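So my numbering is basically just the index in the sequence shown, starting at one, shifted up by 11.
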Amino acid sequence: VTAAGVTVAGVTEAGVTALPDHVRQRIAEADCIIAASRFHADLPDGKEILDWPTPFSNIFNLLDDYSDKSLVLLTTGDPMWFGAGASLVGRLGRKGCEIVPAVSGLQLAAAHLGWPLAACRIVSVHGRPAGHLHSALYPRARLLVIAQDGSSPAILAKALCDWGYGAAQIHVMAHLGGPEEVCFSGTAAGWQHDQVPDFHIIGIACGTDMPAIGIAAPDDSFRNDGKLTKRDARASALAKLAPFPQAVLWDIGSGSGAVSIDFLRAAPGATAHAIDRNDDQHVMAIENANHHGVAGFNTVTADLASDPQAVCAALPDPDAVFIGGGMSSAVIELAQARLRAGGVLVAHAVTIESESLLVSAWQSTGGDLMRLSVQHADPVGGFHGWRPLMPVTQWVWHKPPQQQHQGGA
């Protein structure tokens, strides 16, 4: 497909007739036009006109089928901002398609509400579970949400109430800038609009007295069978793992997935690969990931004891590795070998056998070895005493920049 062959253009509520002259010329010359059905009536007669496929990933099969044709793809707003453009450029390359942005509905929504766009958190629940919103909530947050359909505001209102955000203000702005523009407002707890127009943006204003989760979510927010890195130890591990946007985490012996989930909450666009031999653990971990609203959570069911190198061969090289279970010398060596330059390995041990492996690794390759001990005040009869948790041995190892692994994905 050539640059002349594919044009991806954004359309506003003003419609196809308001597109730039050169885009309308592309439409006139196109062999095929792909657009939402609401734009079809404004397109030239005699053209092959298709709806956007469902699921969206089918667009790539269509592009292959039309590789020798001239195509125009019409989206809403800016194709490169929560739109189809990013996926298309990723597949076709920057020279493989022409991108023509229009004013985004997110920009119009921010202007309508008088919210500085740069201060808003943008979240999409289009094709994603409503729980995806959860990780974006915090006191005084202003969120702009890309909806799935006309039922999205009611679904999100219920979810907000479940998460303790019932007092949050919801603003629904449909068809902004067009003749059918209509808006609805109310609190999450008092939301009364079961259906609104499908094409809309949702604004959510959180109050000052609403809950904040922090870097490590409470233990009781994770479904688990006891295989859980407790909150205090998890917070220490996360401080060393240093999550950042687009980072890749390997979570070995992931259990309930708590470390992966907190890592993803702290790092938008990051990816976590949770590796555990137990399918039941992954079922719980996926539930926990959905509850906390994180994207980028992947599970790998495998026993690393047999051949850890083969198990991890298809995974991308990590920026960070956490080992909370399945400890062995081979696993530690693999993690060290596959880490990217400057990456970090954090391992926790609660048994003497696992601790001995960390001591050996520390003695041979360096790093920081420490013991974490946590005690909580609990009633003892009519008094109080300190009740300890099992101590955790933590080993932290950083890979020097000059040791960049060259053979991974």
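Glycine included, every Cβ here is placed at the ideal spot set by N, Cα and C. Note that the structure is a prediction, hence the values are computed from the model and not measured.
- Query: For G88, does the count of other Cβ atoms within 10 angstroms reach 16, so buried, or fall short, so exposed?
  - Reply: buried
- Beta-carbon contacts of S340 that lie in its chain and below 8 Å, excluding the five residues immediately before and after: L368, S371, A372
- Message: Quick check on this structure: which residue in D330, G107, Q206, C217 has the alpha carbon closest to the alpha carbon of L154?
- Response: C217
- Item | Beta-carbon separation (whole angstroms), V19 vs P90, contact threshold 8 Å | 5 Å
- Query: Whole-angstrom Cβ separation of G266 and G336, contact assumed at under 8 Å?
  - Reply: 6 Å
- For the candidate residues A248, A179, L187, S162, whose alpha-carbon lies nearest to that of A152? A179
- Query: What residues in its chain sit with their C-beta under 8 Å from that of Q206, if we drop five residues either side in the sequence?
  - Reply: G161, S162, A165
- Message: Please classify H145 as buried or exposed, where buried requires at least 16 neighbouring CB atoms within 10 angstroms.
- Response: buried
- Task: Express the C-alpha separation of A250 and W397 in angstroms, rounding to a whole number.
- Result: 26 Å
- Message: Beta-carbon within less than 8 Å of A130's beta-carbon, same chain only, minus the 5 sequence neighbours each way: which residues are those?
- Response: R153
- Message: Strictly by DSSP, which residues pair up with F333?
- Response: D262, V357
- Task: Could you tell me whether the Cβ atoms of V361 and V332 are closer together than 8 Å?
- Result: no
- Query: In chain order, what residues of the same chain have a beta carbon less than 6 Å from the beta carbon of V357, not counting five sequence neighbours either side?
  - Reply: A248, K251, L252, F333, V407
- Query: For A39, is the classification buried or exposed, using 16 other Cβ atoms within 10 angstroms of its Cβ as the cut-off for buried?
  - Reply: exposed
- Pairing CB atoms from the stretch 305–324 with CB atoms from the stretch 258–277, are three or more of them under 8 Å? yes
- Drop a sphere of 10 angstroms on the beta-carbon of T65, count the other beta-carbons inside from all chains shown, and report buried for 16 or more, exposed for fewer. exposed
- Task: State yes or no: is the C-beta of V17 within less than 8 Å of the C-beta of L84?
- Result: yes
- Query: Does the stretch 222–236 come close enough to the stretch 265–282 that 3 or more CB-CB pairs lie under 8 Å?
  - Reply: yes
- Item | Buried or exposed by the 16-neighbour rule on C-beta atoms within 10 Å, applied to R245 | buried
- Between the beta-carbon of G280 and the beta-carbon of P256, is there less than 8 Å? yes
- Message: Looking only at its chain, what residues have a beta carbon closer than 6 Å to the beta carbon of A25, apart from the 5 residues adjacent to it on each side?
- Response: none
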